[in-house]
Every structure is written in structure tokens, then in C-alpha cells.
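Notes follow once the structure below has been shown.
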Ligand code: GLY
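In the working numbering, the protein residues as written are 56 to 410.
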């Protein structure tokens with residue numbers, strides 16, 4: 056078992072190990088005051104893991120209420136959010152009670168935003184069940200729902216009281232969902248940790264606890280420095296500007312991890328072409344992304360992709376912050392206008408000649 060501390064506006068721990076779902080009650084007792092819990096999960100996780108977590112919470116003396124929604128991004132809506140707020144109110148949860156978010160990124164975002172706003176804020180615990188949620192969305196307090204105008208447009212920075220990452224849950228993931236999370240893991244190697252990048256060359260499943268611990272240690276360090284995303288936290292978006300554009304062009308038919316993987320490869324190539332990094336950096340990013348079975352090229356038109364990037368919510372004024380690798384383990388943030396973006400990315404988007 057590994058414990059990683061986060062020292063943001065709230066201090067909390069990320070615990071990674073096996074058998075943690077069965078110990079959820081005893082861990083919650085350390086960080087909560089009240090006796091009621093709202094267990095939030097999608098319908099698939101409700102069948103797979105919720106009974107185990109529920110039993111552990113009840114054994115520790117909690118009254119457990121459950122909110123189950125149809126899984127998937129299409130549920131991250133104001134309607135589901137209001138339904139959850141109503142469920143909290145009807146169950147009589149008070150400010151000393153707790154929400155437990157058991158699931159992937161959608162559950163964490165939705166439950167976290169409800170926690171941030173119900174009775175002006177009650178505590179919540181993240182229990183990620185996907186690799187992507189384990190290494191990224193469950194840590195750092197970004198919570199949100201989607202609006203008809205776009206993804207994550209209503210939200211709050213609101214830190215959890217605890218993150219419990221049970222490797223048993225990750226072991227039940229379908230292969231493609233696990234692979235999707237690997238893109239975010241590779242990202243940490245490129246932006247921060249050359250040793251992690253090397254480690255990933257040896258595979259991930261036999262060293263999953265160490266890999267997740269390294270990723271969340273990096274995320275915790277970045278969040279400690281820039282909790283509200285005004286500077287260095289932006290580097291977590293390596294591969295995401297192009298990735299979001301690919302997701303948008305595919306009407307979200309391309310998964311997040313696949314899109315980020317393509318984005319990382321494309322930006323690494325552009326960085327190599329413009330002399331910001333060696334060609335060897337691109338070769339290594341490409342090789343690792345391929346090794347993990349993630350895609351490396353997009354078929355969407357450069358014009359459509361560039362247009363989609365311009366409507367990215369992370370755009371500050373007329374500029375887009377692009378995260379560019381200088382070497383494995385270090386990136387820079389460049390603010391680019393449309394013309395700079397065009398010059399930097401278009402040649403690569405037009406000729407993705409790598410195999
Ligand atoms: N997922 C990026 C961040 O938490 O800032």
C-alpha cells in the first residue's frame with residue numbers, strides 16, 4: 056500500500072493498494088464527522104463494486120444511501136446533477152455527511168460538483184475505478200458537469216477529503232478502458248518524469264501501484280503549486296489541445312485517451328520540426344504510445360481541427376496555451392495565436408508520415 060499526501064487548500068491523502076473497498080468504512084471514519092453517506096456510481100459500477108463498498112461502510116456504522124445514474128459522459132448533465140442534489144436533500148444528508156464517488160471521471164466530476172454546492176459544500180471521497188480517474192481526475196479537485204454549449208462548462212475547484220484507489224477495481228476494467236488511461240500515464244513521463252517514462256517501457260500491469268503512485272505524486276506536486284490552474288497546472292494538458300479537437304471532430308466517438316495519445320505524438324513531432332526538441336524525443340513518444348496500443352495519427356482535416364482548438368475553453372483571450380516537450384521529462388508552455396498555431400501544427404497535421 057502506498058500513501059501520497061496532497062497539500063492544497065485542503066490536506067488529504069491518496070491511498071493506493073488492494074482490498075481498499077473492503078476498508079472504505081474505516082478509512083472514511085478517519086476523515087468524516089457524520090453518520091450518513093451518499094454512494095454515487097454509474098449503473099455498471101453499481102453492479103460490480105458498490106455492494107462491497109456499501110457493506111464496508113455499513114459495517115463501520117454509516118447509513119448508506121445510493122445514487123445510481125446511467126453510466127457515461129451523456130449523463131454528466133444539469134439534469135443528473137439536480138437529481139443528485141434532490142437525492143441528497145430527500146435523504147436528509149447534512150453538512151457533516153459525506154458523498155462517496157465510486158467510479159471513473161464522470162462519477163468523480165458529477166459527485167464532486169454536487170459536494171461543492173450541496174448546502175454550500177459537504178465533504179466527498181474519491182474512489183476511482185478506472186486508470187484515468189486514478190491518475191488524473193480523482194486528484195486535484197476539478198469538478199464539473201457539461202452544458203449544452205460544451206464540456207465541463209459549470210464546475211468548481213473543490214478538493215476531496217480522501218482518495219482511495221483500490222487496484223482490485225482496476226483489475227476488472229475492460230482492456231480498451233485500461234489502455235485509454237495509459238495515455239495519461241505516458242503524459243506524466245513526458246511532462247515531468249523521465250524515469251517513469253523508462254519504467255513504462257517495461258509494461259505497466261506488473262508495477263501498477265508504483266506507476267500510479269508516481270503519477271499522483273507528480274499531480275499532487277503540481278496541484279500544491281497551482282491549485283487553481285493559473286500557471287504550471289496547465290502542463291497537465293500536454294496532448295489535450297489537439298486531443299480535445301479530435302474528440303470534438305469525432306463528436307466524442309474517439310475516446311479521451313486515444314485522442315490525447317494522438318495529440319501527444321502530433322505536438323512532439325511539431326516540436327521536433329521546429330527545433331524545440333530532438334527528433335529522438337518524438338521517436339520515443341511515438342514508440343511508447345504505439346507500445347501501449349494507442350493510436351498515433353488522426354484522419355480529421357487540419358482546418359477542422361484548428362477551428363475546434365480555437366473554441367477550446369482553456370483559451371486565454373485570443374491565445375491558446377500549448378504544452379510542448381523540450382525533452383523527455385520537461386515541457387514548456389507556449390501561448391499561441393491562430394497564426395502561430397497554424398505555422399506550428401499545420402505541416403504536421405497535413406503530413407502524418409510516421410508509421
Ligand atoms: N486534468 C487536468 C487537471 O486536473 O488539471
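Built from N, CA and C at the ideal position, the CB exists for glycine as well.
Any heavy atom of the ligand GLY closer than 6 Å to the beta-carbon of residue i?
i: residue 195; result: yes
i: residue 191; result: yes
i: residue 291; result: yes
i: residue 398; result: no
i: residue 288; result: yes
Nearest by alpha-carbon distance to residue i: which of the options is it?
i: residue 217; options: 337, 155 and 385; result: 155
i: residue 383; options: 164, 108, 395 and 342; result: 342
i: residue 243; options: 380, 392 and 397; result: 380
i: residue 269; options: 252, 282 and 283; result: 252
i: residue 230; options: 181, 240, 114 and 186; result: 186
i: residue 306; options: 335, 213 and 360; result: 360
i: residue 121; options: 98, 273 and 134; result: 98
i: residue 390; options: 398, 375, 403 and 404; result: 375
i: residue 299; options: 345, 365 and 70; result: 365
i: residue 219; options: 191, 149 and 76; result: 76
i: residue 222; options: 265, 139 and 354; result: 265
i: residue 109; options: 81, 128, 135 and 134; result: 81
i: residue 61; options: 233, 410, 193 and 363; result: 193
i: residue 344; options: 204, 234 and 167; result: 234
i: residue 354; options: 330, 377, 408 and 398; result: 408
i: residue 103; options: 263, 228 and 385; result: 228
i: residue 311; options: 225, 188, 176 and 255; result: 188
i: residue 405; options: 263, 79 and 322; result: 322
i: residue 207; options: 172, 157, 171 and 128; result: 128
i: residue 159; options: 328, 133 and 191; result: 191
i: residue 363; options: 276, 247 and 303; result: 303
i: residue 200; options: 247, 177, 224 and 135; result: 135
i: residue 226; options: 262, 249 and 250; result: 262
i: residue 330; options: 399, 274 and 301; result: 399
i: residue 273; options: 332, 137, 241 and 146; result: 241
i: residue 258; options: 346, 328 and 145; result: 346
i: residue 111; options: 74, 267 and 283; result: 74
i: residue 166; options: 68, 248 and 180; result: 180
i: residue 332; options: 283, 373, 385 and 282; result: 385
i: residue 133; options: 145, 147 and 210; result: 210
Is the beta carbon of residue i sitting closer than 7 Å to the one on residue j?
i: residue 86; j: residue 131; result: no
i: residue 164; j: residue 198; result: yes
i: residue 92; j: residue 117; result: yes
i: residue 101; j: residue 119; result: no
i: residue 340; j: residue 320; result: yes
i: residue 214; j: residue 65; result: yes
i: residue 348; j: residue 318; result: no
i: residue 287; j: residue 280; result: yes
i: residue 212; j: residue 196; result: yes
i: residue 238; j: residue 309; result: no
i: residue 487; j: residue 324; result: With the chain represented from 56 up to 410, any question about residue 487 goes unanswered, as that position is not in the structure.
i: residue 401; j: residue 357; result: yes
i: residue 84; j: residue 115; result: yes
i: residue 70; j: residue 271; result: no
i: residue 292; j: residue 378; result: yes
i: residue 157; j: residue 182; result: yes
i: residue 278; j: residue 63; result: yes
i: residue 169; j: residue 139; result: yes
i: residue 172; j: residue 224; result: no
Spell out whether any CB of chain D is found under 7 Å from the CB atom of residue i.
i: residue 392; result: Absent from the structure is chain D; it holds one protein chain and no more.
Runs of beta strand (DSSP E) wholly within the stretch 58 to 115 (minimum 3 residues, chain order) | Secondary structure in the stretch 58 to 115: the beta strand (DSSP E) runs of 3 residues or longer, each lying completely within the stretch, are 66 to 72 and 91 to 97 in chain order.
Can you list, in chain order, the stretches of the alpha helix (DSSP H) that have 4 or more residues and sit fully within the stretch 200 to 273?
-> Fully enclosed alpha helix (DSSP H) runs of 4 or longer: 222 to 225, 230 to 246 and 249 to 255.
Which runs of the alpha helix (DSSP H) fall wholly inside the stretch 321 to 402 and span at least 4 residues, in chain order?
-> Whole alpha helix (DSSP H) segments, 4+ residues: 334 to 346 and 357 to 365.
Which residue spans inside the stretch 281 to 319 form an unbroken alpha helix (DSSP H) run of at least 4?
-> At a cut-off of 4 residues, the continuous stretches assigned as alpha helix (DSSP H) that sit fully inside the stretch 281 to 319 are 295 to 304.
Scan the stretch 142 to 197 and note each continuous beta strand (DSSP E) run of 3 residues or more that stays entirely inside, going in chain order.
-> Correct list: 153 to 158 and 178 to 183.
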